[in-house]
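One structure below.
There are 2 protein chains.
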Amino acid sequence: MRYELYYWASIQGRGEFVRLALEEAGASYVDVARVADGEARMVALLGSVAVRYPPFAPPFLKAGKRLIGQTANILLFLGERHDLAPKGEAGRLWTHQLQLTLADLVVEAHDTHHPIASSLYYEDQRREAKRRGADFVANRLPKFIGYFERVLAANPHGSAHLVGSRLTYADLSLFQVVAGLRYAFPNAMARHAGRHRRVTELCARVASRKRIAQYLASERRLPFNQEGIFRHYAALDE
Amino acid sequence: MRYELYYWASIQGRGEFVRLALEEAGASYVDVARVADGEARMVALLGSVAVRYPPFAPPFLKAGKRLIGQTANILLFLGERHDLAPKGEAGRLWTHQLQLTLADLVVEAHDTHHPIASSLYYEDQRREAKRRGADFVANRLPKFIGYFERVLAANPHGSAHLVGSRLTYADLSLFQVVAGLRYAFPNAMARHAGRHRRVTELCARVASRKRIAQYLASERRLPFNQEGIFRHYAALDE
Numbered sequence: 364m365r366y367e368l369y370y371w372a373s374i375q376g377r378g379e380f381v382r383l384a385l386e387e388a389g390a391s392y393v394d395v396a397r398v399a400d401g402e403a404r405m406v407a408l409l410g411s412v413a414v415r416y417p418p419f420a421p422p423f424l425k426a427g428k429r430l431i432g433q434t435a436n437i438l439l440f441l442g443e444r445h446d447l448a449p450k451g452e453a454g455r456l457w458t459h460q461l462q463l464t465l466a467d468l469v470v471e472a473h474d475t476h477h478p479i480a481s482s483l484y485y486e487d488q489r490r491e492a493k494r495r496g497a498d499f500v501a502n503r504l505p506k507f508i509g510y511f512e513r514v515l516a517a518n519p520h521g522s523a524h525l526v527g528s529r530l531t532y533a534d535l536s537l538f539q540v541v542a543g544l545r546y547a548f549p550n551a552m553a554r555h556a557g558r559h560r561r562v563t564e565l566c567a568r569v570a571s572r573k574r575i576a577q578y579l580a581s582e583r584r585l586p587f588n589q590e591g592i593f594r595h596y597a598a599l600d601e
Numbered sequence: 364m365r366y367e368l369y370y371w372a373s374i375q376g377r378g379e380f381v382r383l384a385l386e387e388a389g390a391s392y393v394d395v396a397r398v399a400d401g402e403a404r405m406v407a408l409l410g411s412v413a414v415r416y417p418p419f420a421p422p423f424l425k426a427g428k429r430l431i432g433q434t435a436n437i438l439l440f441l442g443e444r445h446d447l448a449p450k451g452e453a454g455r456l457w458t459h460q461l462q463l464t465l466a467d468l469v470v471e472a473h474d475t476h477h478p479i480a481s482s483l484y485y486e487d488q489r490r491e492a493k494r495r496g497a498d499f500v501a502n503r504l505p506k507f508i509g510y511f512e513r514v515l516a517a518n519p520h521g522s523a524h525l526v527g528s529r530l531t532y533a534d535l536s537l538f539q540v541v542a543g544l545r546y547a548f549p550n551a552m553a554r555h556a557g558r559h560r561r562v563t564e565l566c567a568r569v570a571s572r573k574r575i576a577q578y579l580a581s582e583r584r585l586p587f588n589q590e591g592i593f594r595h596y597a598a599l600d601e
């Protein structure tokens, strides 16, 4: 079976968490919006009344006849199918808990440049962004990254992975979040780097995994840009 | 086994989604922070390095020796244990997908009064709140509620429940979100009411369920107030 991933064609965004899991799993998939008419097909599906389980927003994944939405929920599904999470309930829920905490961080990172409304341009909320960005960099960013550092330090199987002794989708997602934060907040991340060595090492290990390295070097990996979740504005990273 | 729920003692907040599931299930639980020294015990647990699966923030649930965090993740766990979600994978994931969409709405509702930083007072971000609140009421609120109305209309088993023909934790959570939105945005919700009759009816049905009605009438149900996620500021609900 070939999965169909539905997400915006021009950004990594939330779709990237799904792409990384599919790539690591070596799963067959098509990134629908990046083929001809794909984005129009995605928008049509979003508005369709014929869909059994209608998603609220991209990304969503078509698996056979099923449509599965919400990034963390898609990963819950893929984790079970492709051995990217423990089989047992405790480990499965713990992996998911970490993913949901990363999802919270993603929202906060996004809202630094869009604190008022996603429908407005950054330029229309620049002053508010500066205030929110300052709080994010001073308080929220170190709190979140410090948490994942603590989780790695506390893992009884060692700090090579967030959960147990094997790679999970939470590791892939932490890699992606840190990559995004480095793009958006290079100064803040450099200042904090000494305090989250385990996180840094985990990210380097993920990037060097065979399939992930191949993916990152391919044209399938979109570059970060100023339209995604993670955007670099110098005013927000002082 | 008696569950222990850890959440702030003075607000419904995110803990309320867990309380509603525990109440509907008739589960035995203690709301730890509301007994003597409970909040201090919660804060100690949050900072403890001895915890196997450390939560990032409340709410978290102690089930036997396990600590489970993230609201939607706790509900995933309780849904399976207490028959508050379908057993099959498709229905289980669909219920969770709806919960995660409600969680997105909760963040946006909260951020109307705290668009800059949770650590600041509303009074310190009043101007920004007015802008964000206006966008929420005009665009986001109708989009989210309209989505749940559409999900109810599309349910092949009828619009009595979000998922299939039986109550799930997603129904309980939709009830809670709508109750909160009515408290925070009475004018906006009244204006939109004609467009989401199925949602309104579902909420009334949830409120009249025996255990939920008993809970809502009890002292265990905290009132909405100006410290929780849903707060009423007239300036944000014009």
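So the protein lines, in turn, are chains A and B.
Residue 546 in my numbering sits at position 183 of the first sequence; the count goes up by one each step and never skips.
Residue 402 in my numbering sits at position 39 of the second sequence; the count goes up by one each step and never skips.
No residue lacks a Cβ here, since even glycine has one placed at the ideal position from N, Cα and C.
- At a cut-off of 9 Å between beta carbons, residue 531 of chain A makes no contact with chain B.
- Taking a contact as a CB-CB distance under 8 Å, the pair residue 380 of chain B and residue 539 of chain B counts as one, their CB atoms being some 6 Å apart.
- Per DSSP, the unbroken alpha helix (DSSP H) holding residue 554 of chain A starts and ends at 549–555.
- Runs of alpha helix (DSSP H) with 4 or more residues, each lying fully within the stretch 416–458 of chain B, are found at 434–444, listed in chain order.
- Residues 392 of the same chain have their beta carbon placed closer than 6 Å to that of residue 385 of chain B, with the five preceding and five following residues left out of the count.
- Taking all protein chains shown into account, residue 400 of chain B has fewer than 16 neighbouring C-beta atoms within 10 Å of its C-beta and is therefore exposed.
- Here the C-alpha atom of residue 461 of chain A lies approximately 20 Å from the C-alpha atom of residue 558 of chain A.
- Interface residue (Cβ-Cβ distance to chain A less than 9 Å): residue 432 of chain B is classified as such.
- Under DSSP, no beta-bridge partner is assigned to residue 526 of chain A.
- When DSSP reads this structure, residue 394 of chain B sits in a beta bridge with B/368.
- If you draw a straight line from the Cα of residue 463 of chain A to the Cα of residue 433 of chain B, it comes to about 7 Å.
- Our two residues, residue 430 of chain A and residue 503 of chain B, have alpha carbons roughly 23 Å apart in a direct line.
- Contact of residue 463 of chain B with chain A is assigned, a C-beta pair being separated by under 9 Å.
- Excluding five sequence positions before and after residue 528 of chain B, the CB atoms of its chain that fall closer than 6 Å to its own CB belong to 520, given in chain order.
- In this structure the stretch 397–413 of chain B does not lie against the stretch 491–500 of chain A, because fewer than three pairs of beta carbons, one per stretch, are closer than 8 Å.
- Chain B places a beta carbon closer than 9 Å to that of residue 479 of chain A, counting this residue as a contact.
- Here the alpha carbons of residue 442 of chain B and residue 532 of chain B stand approximately 7 Å from one another.
- Interface residue (Cβ-Cβ distance to chain B less than 9 Å): residue 418 of chain A is classified as such.
- Within chain A, the residues whose beta carbon sits less than 9 Å from that of residue 440 of chain B are 452 and 456, listed in sequence order.
- The C-beta of residue 502 of chain B comes closer than 9 Å to at least one C-beta of chain A.
- Around the beta carbon of residue 574 of chain A, a 10 Å sphere encloses fewer than 16 other beta carbons of the protein chains shown; the residue is thus reported as exposed.
- Assignment of alpha helix (DSSP H) within the stretch 571–600 of chain B, counting only whole runs of 4 or more residues, yields 573–579 in chain order.
- A direct Cα-to-Cα measurement between residue 458 of chain B and residue 465 of chain B gives close to 11 Å.
- In the three-state DSSP reduction, residue 478 of chain B falls in the coil class, being neither helix nor strand.
- Inclusion of residue 435 of chain A and residue 544 of chain A in the CB contact set at 9 Å is not warranted, their separation being larger than that value.
- The beta carbon of residue 534 of chain B does not come within 9 Å of any beta carbon belonging to chain A, so the residue lies off that interface.
- With fewer than 16 other beta carbons inside 10 angstroms of its own, residue 483 of chain B counts as exposed.
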